[in-house]
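Student:
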Amino acid sequence: MSQKKITPRSEDFAAWYQDVVYQADLAEPADVVKGCMVIKPHGYAVWERLQAELDRRFKETGHKNAYFPLLIPESFLRREAEHVEGFSPELAVVTIAGGKKLEEPYVIRPTSETIIGHFFSKWIQSWRDLPLLINQWANVVRWELRTRLFLRTTEFLWQEGHTAHASEEEARAEARRMLEVYADVAENVMAMPVIKGTKTQAEKFAGAVKSLSIEAMMQNGLALQAGTSHELGQNFGRAFGVKFQNRDGQLDYVWQTSWGVSTRLIGGLVMTHSDDSGLVLPPRLAPVQAVVVPIYRKDTDRDAILSRSHALAAELKRAGILAETDDREGFTPGNKFFHWEQRGVPLTVELGPRDLAENKVVLKRRDTGLKQPVGQEGLAESAARLLECVQKDMHAAARERLESRTVTAESFDQVRGILEPVTAEKGGGKFVMAHLKDAPEVDAQIKALKASVRCIPFEDRYGGAGQCILTGETVPRRVVVAKAY
RNA sequence: CGGGGCGUAGCGCAGCCUGGUAGCGCACCUGCCUUGGGCGCAGGGGGUCGCCAGUUCAAAUCUGGCCGCCCCGACCA
């Protein structure tokens, strides 16, 4: 393992992010496959914990998992006009298979609305078949020009929920419900505060009637769209002939939703909590929550300290804490501390000769770096309590950062003044709350600043209606403007 | 596609100007010694110097061509 230093955030935030991802052993670029990455065991373990939290909630809200093909007939993409327009530039297409040119090429799914729409049309006849609530865990491919580990890669892992409903209201409620699930996971599992809101018409998903999103703020002040949930209306229902007979005996098209989060969340996690020493993981996502580091000077200490370390780790495990002992030979304690620190382990349990003699250990928390001696008696309880505390404190710190970097603006020039100097490298980003009309020409002017309207928040905390700073028309509330990933 | 940069050990780089048997740091292996925040010492393994051609007694080094990658811009759920 290399001992390369991590570039400080203040020097170059983008370089810092890469360094943290490497040093924490989360992932590396798949050098031989442009734009793709290898998610390494530690990174994948974080993803698995996140998946488990999400999957449990999907099932609790009545959804079932299924799996649809990776390859989609090219013609399917064309059936929904906006959808094809939105996705065709970033499609990878299979034209040859089995040594022969295909009659009709397949695209590698960039998302599955189309092929799932096709199967929904076969599965749904009656209102009794509705709602149909499906989720798929899958990989997708989008040929992006510029990629960054986790945040935007050519291939990525995600889940996509696809549902069909008998009424518009029910579909709308579903889209909203799933956004709330995402917000719950972001806030309470990832300790990452988010703003829930509606995308502007210009920013909505290709083929949707309305898109909802949760937006998080990274430590450089840039926004990250952390999850989206779409009301598809009857657009895909019409395109794929997903008809049902309603209670009145009449044929109608279903109202659909789709919603997704991806491995991008791991990028968000890194950029929300980590520091200049490396990764910082919230306890609820850490694959290892506590690591016992034995410290011994002489061979005579060695056996006693190692066996006590193993016993303490076993006790922690019995209490449901993901714990292990770092009993690797040939590494100094200092080396081990750095090792686990870079990997974001929330709690380190130090056990040396002095502690052994006094029946204590030293607990160190990753987020604040604070150390405290605690008795070996009752270690499981004190560790569990401390983990809870770390989880809460991390959330509070991130919340505080988001609040303190949210500002209001009363004119376009003011928005420009705040956002123009902001870059992913230098940081300084803000969420600028301003009155803006939901109209494509307005979005276009914000785009010219290399910023975007992130969302129109559900909850208005900035004083209600006002005049659009570009058109002068009255709009109901301020929207979030920011530079984003 | 426009501008800039770079290809030498697993990673990061020096050597190139001025041609003469390929080096440094980290990582890796062995042994001894250490262990409360990246131990030390000694020994060791690992290279078609991006590819092709040319010049030359001799090319990592000079010349020409090609390929690949990175950054900035454009593009972008």
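Position 169 of the first sequence, counting from 1, maps to 169 under this note's numbering, and the rest follow consecutively.
Glycine residues also receive a C-beta, built at the ideal position from the N, C-alpha and C atoms.
Here the structure is a predicted model, which means the values were calculated and not measured.
#1: Taking residue 45 as the reference, which of 286, 389, 453 and 319 has the closest Cα?
#2: Can you check whether the CB of residue 366 is closer than 8 Å to the CB of residue 334?
#3: In whole angstroms, what separates the C-alpha of residue 135 from that of residue 124?
#4: Using the DSSP secondary-structure output, state which residues sit across from residue 224 in a beta bridge.
#5: Roughly how many whole angstroms lie between the Cα atoms of residue 435 and residue 399?
#6: On the three-state DSSP scale, how would you describe residue 520?
#7: Taking only the alpha-carbon atoms, compute the straight-line gap between residue 248 and residue 77 and give it to the nearest angstrom.
#8: Please list, in chain order, all residues of the same chain as residue 368 whose beta carbon is under 6 Å from its beta carbon, the five residues on each side excluded.
#9: Comparing alpha-carbon positions, which option in 104, 373, 167 and 380 lies nearest residue 318?
#10: Rounding to the nearest angstrom, what Cα-Cα distance links residue 302 and residue 272 in this structure?
#11: Assuming residue 201 and residue 440 make a contact with CB atoms under 8 Å, what is their CB distance in whole Å?
#12: Could you name the residues of the same chain whose beta carbon sits closer than 8 Å to that of residue 56, not counting the 5 residues immediately before and after it, in chain order?
#13: Does residue 124 come out as helix, strand or coil in the three-state DSSP assignment?
#14: Relative to the C-alpha of residue 66, which candidate in 160, 278, 337 and 149 has its C-alpha closest?
#15: To which residues does DSSP link residue 252 through a beta bridge?
#16: Going along the chain, which residues of its own chain have a beta-carbon closer than 7 Å to the beta-carbon of residue 36, five neighbours each way excluded?
#17: Can you tell me where the beta strand (DSSP E) holding residue 365 begins and where it ends?
#18: Taking the alpha-carbon of residue 10 as reference, which of 266, 220 and 308 has the nearest alpha-carbon?
#19: What residues are listed by DSSP as bridge partners for residue 160?
#20: Which partner residues of residue 375 appear in the DSSP bridge assignment?
#21: Determine which residues share a DSSP beta bridge with residue 455 and list them.
#22: Residue 537 lies in the beta strand (DSSP E); which residues open and close that run?
#23: Would you tell me roughly how many angstroms separate the C-alpha atoms of residue 478 and residue 244, rounded to the nearest one?
#24: Leaving out the 5 sequence neighbours to the left and right, which residues in its chain are closer than 8 Å to residue 51 when beta-carbon positions are compared?
#25: Could you tell me the alpha carbon to alpha carbon distance between residue 116 and residue 32, rounded to whole angstroms?
#26: Going by the CB atoms, is the gap between residue 402 and residue 437 shorter than 8 Å?
#27: What are the start and end residues of the alpha helix (DSSP H) that includes residue 350?
Tutor: Let's see:
#1: 286
#2: Not closer than 8 Å, so no.
#3: Residue 135 and residue 124 have their C-alpha atoms some 16 Å from each other.
#4: 216
#5: Their Cα atoms are separated by approximately 23 Å.
#6: Beyond the ends of the chain as shown, which are 1 and 485, falls residue 520; an answer cannot be given.
#7: 33 Å
#8: If we look at residue 368 and ignore the five residues flanking it on each side, it has no Cβ neighbours.
#9: 380
#10: 39 Å
#11: For residue 201 against residue 440, the beta-carbon gap comes to about 6 Å, under 8 Å, which counts as contact.
#12: none
#13: coil
#14: 160
#15: 244, per the DSSP bridge assignment.
#16: 30, 153, 154 and 155
#17: 360-365
#18: Nearest of 266, 220 and 308 to residue 10, Cα basis: 220.
#19: Here residue 160 is bridged, per DSSP, to 136 and 260.
#20: 360
#21: 480
#22: Outside the shown range of the chain (1 to 485) lies residue 537, about which nothing can therefore be said.
#23: Rounded to the nearest whole angstrom, the C-alpha separation of residue 478 and residue 244 is 40 Å.
#24: 137 and 159
#25: 32 Å
#26: no
#27: That residue, residue 350, is in no alpha helix (DSSP H); its beta strand (DSSP E) goes 347-351.
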